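Residue numbers (the working numbering): -13 to 92.
Ideal placement from N, C-alpha and C gives every residue a C-beta, glycine not left out.
None of the values given here were measured: they were computed from a predicted structure.
Here it is as structure tokens:
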């Protein structure tokens, strides 16, 4: 499995947490989690909350400089799940792994 989609997804979700939630403020934090199996990779970013709107995919015009991150993650992933709690939001992207030549089934 190429790591580029996973690395890109982690980068986009982390930057979104910093730019759009309390995670980007003084003493803000966010939590990364990665679960790996032979069939899929699930990457999750939990932010500190602080916004009243849930993350959503936006369709920007070609000259826009921002607003494509979650759309890119959505295009790379099998599915994207947003879970809201009192502690903040968790965005999880699930990506299927592609079998490489010579890989044996589990």
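Neighbourhood of residue i by C-beta, 8 angstroms cutoff - its chain only, sequence neighbours within 5 removed
i          : result
residue 26 : 64, 80, 81, 82 and 83
residue 15 : 9 and 34
residue 0  : 16, 18 and 31
residue 62 : -9, -6, -5, 79 and 81
Terminal residues of the alpha helix (DSSP H) in which residue i lies
i          : result
residue 55 : 55 to 62
Close Cβ partners of residue i (< 7 angstroms) along its chain, the five nearest in sequence each way excluded
i          : result
residue 36 : 7 and 8
residue 3  : 9, 16, 31 and 33
residue 67 : 78
Opening and closing residue of the beta strand (DSSP E) in which residue i lies
i          : result
residue 82 : 74 to 82
residue 30 : 26 to 32
residue 19 : 17 to 22
Bridge-paired residues (DSSP) for residue i
i          : result
residue 69 : 76
Sequence-distant residues of its chain with Cβ nearer than 6 angstroms to residue i (five each side left out)
i          : result
residue 19 : 30
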